[in-house]
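Just so you know, we're using this note's numbering here: the sequence shown kicks off at 210 and counts up by one. Where is the CB? At the ideal position from N, CA and C, for every residue including glycine. Note that the structure is predicted; figures quoted are calculated from it, not measured. Written out below as structure tokens is the structure these notes cover.
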Amino acid sequence: MDATWRDFASNFAGIFTPVLLGIMLDKTGSHALQLLAIGLVAVAGAINYLLVMPKIAPLRVHTSAAVARSGDVLGGHDQGVREQG
Numbered sequence: 210m211d212a213t214w215r216d217f218a219s220n221f222a223g224i225f226t227p228v229l230l231g232i233m234l235d236k237t238g239s240h241a242l243q244l245l246a247i248g249l250v251a252v253a254g255a256i257n258y259l260l261v262m263p264k265i266a267p268l269r270v271h272t273s274a275a276v277a278r279s280g281d282v283l284g285g286h287d288q289g290v291r292e293q294g
């Protein structure tokens, strides 16, 4: 999904959710239905995370042997102060 649509959905939910919860409170006079609705959304999010999302793994960084031996992983010059000796 394009980032624009994802941002739109997030912003829409941020605007629509308080309005919907306020309407629910006016109609019922209780926060129980609001808590149930938010709980169901949380459970749906957890199921989405567990079953739908792909495996999240750290990125592997490939460096040359020379860079790995020198300890200069950024490829620039050493900015630290070295002892003379």
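Could you check which residue in 256, 211, 230 and 225 has the C-alpha nearest to that of residue 245?
Per the Cα distances, 230.
Work out the CA separation of residue 253 and residue 271 for me, nearest whole Å.
Looking at the two C-alpha atoms, the distance is approximately 37 Å.
When DSSP labels each residue in this structure, what does residue 215 get in the three-state scheme?
Residue 215 falls in the helix class under three-state DSSP.
Return helix, strand or coil for residue 265, following the three-state DSSP convention.
Note: residue 265 maps to coil in three-state DSSP.
Which of helix, strand or coil does DSSP assign to residue 178?
The first residue shown for the chain is 210 and the last is 294, placing residue 178 beyond what the model contains.
In whole angstroms, give me the CA-to-CA distance for residue 257 and residue 215.
Straight-line Cα distance between these residues: approximately 16 Å.
In angstroms, rounded to a whole number, what distance separates the CA positions of residue 260 and residue 251?
Near 14 Å, if we compare the C-alpha coordinates of residue 251 and residue 260.
For residue 238, does the three-state DSSP call read helix, strand or coil?
Three-state result, residue 238: coil.
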